[in-house]
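Residue numbers (this note's numbering): 1164 to 1416. Beta carbons: idealized from backbone N, C-alpha and C, even for Gly. A short worksheet on the structure shown next.
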């Protein structure tokens, strides 16, 4: 684990990297009581050549910076954070599975440490990175998964934080998720608006290829930016497929 303290006014951050150590902080800080916290999700893969790779990690840094700005957390140096992550993975490289169906999950987390119960912009924060081995999310042997769609629940909305990886976006989704399980489904297909527009698909990816007259971007600020989708859209642009309606969702990437 990497832990770095960050304060407003720092040119970058006071380097106090602590590997495999956790820092104690107030239970009444804004990060816990006010949910001023966010995270990012990425993976390190081991190739057939035994080399370790990350997929477009700077895009994750950009996405985390956007979430940080929305949460009013202090700015951080994206390149420096990525270098810290690279060094951490290098130290713990044996934790990266020797498998083509598993990886090392990397979770950078940013949390306010402002010792206050009030609703205010934090002046101090803690940025830390957790590593964990990860395999397949679903343990069943079914060839297909079932999604439960119920318009009475809404995960994100226009003008909200659905396009950011905020902690509060996920806790509020648990009730609907377990209702989906009660109905024999593995995940929720989140809908939005009176016309039941598709927004998110739980912890999995969804891709709709829809050729129509309008085309355009289907996010509306309700859907998290999906890293792989951005690369596929680059390919789409190169192929000059002008009427592709983009709809990718992923709440774990």
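Short Cβ contact (9 Å threshold) for residue i with residue j
i: residue 1208; j: residue 1266; result: yes
i: residue 1227; j: residue 1253; result: no
i: residue 1312; j: residue 1261; result: no
i: residue 1237; j: residue 1231; result: yes
Sequence-distant residues of its chain with Cβ nearer than 8 Å to residue i (five each side left out)
i: residue 1206; result: 1217, 1218, 1266, 1267, 1268, 1269 and 1297
i: residue 1362; result: 1318, 1319, 1325, 1353, 1354, 1355, 1385, 1386 and 1412
i: residue 1241; result: 1221, 1224, 1225, 1227 and 1228
i: residue 1337; result: none
i: residue 1400; result: none
i: residue 1335; result: 1318
i: residue 1332; result: 1318, 1319, 1324, 1325 and 1414
i: residue 1256; result: 1215
With 16 other Cβ atoms within 10 Å as the buried cut-off, status of residue i
i: residue 1295; result: exposed
i: residue 1394; result: exposed
i: residue 1239; result: buried
i: residue 1220; result: buried
i: residue 1244; result: buried
i: residue 1314; result: exposed
i: residue 1402; result: exposed
i: residue 1282; result: exposed
Proximity winner among the options, relative to residue i (alpha-carbon distances)
i: residue 1214; options: 1308, 1263, 1230 and 1241; result: 1263
i: residue 1328; options: 1272, 1242 and 1250; result: 1272
i: residue 1343; options: 1253, 1310 and 1221; result: 1310
i: residue 1278; options: 1198, 1335 and 1220; result: 1198
i: residue 1364; options: 1246, 1308, 1357 and 1247; result: 1308
i: residue 1417; options: 1224, 1210 and 1291; result: The requested residue 1417 is not part of the displayed model; the chain covers only 1164 to 1416.
i: residue 1291; options: 1251, 1212 and 1369; result: 1251
i: residue 1249; options: 1335, 1233, 1280 and 1293; result: 1293
Own chain, CB closer than 6 Å to residue i, minus 5 neighbours either side, in chain order
i: residue 1284; result: 1235
i: residue 1130; result: In this structure the chain extends from 1164 to 1416, so residue 1130 is not present and cannot be described.
i: residue 1330; result: 1198 and 1200
i: residue 1259; result: 1207, 1209, 1215 and 1267
i: residue 1341; result: none
Same chain only: Cβ atoms within 7 Å of residue i, ignoring 5 sequence neighbours per side
i: residue 1210; result: 1216
i: residue 1348; result: 1309, 1310 and 1311
i: residue 1233; result: 1324 and 1327
Between the region 1385-1393 and the region 1316-1325, do at least 3 Cβ pairs fall closer than 8 Å?
Contact between the region 1385-1393 and the region 1316-1325 is present, because at least three Cβ pairs lie under 8 Å.
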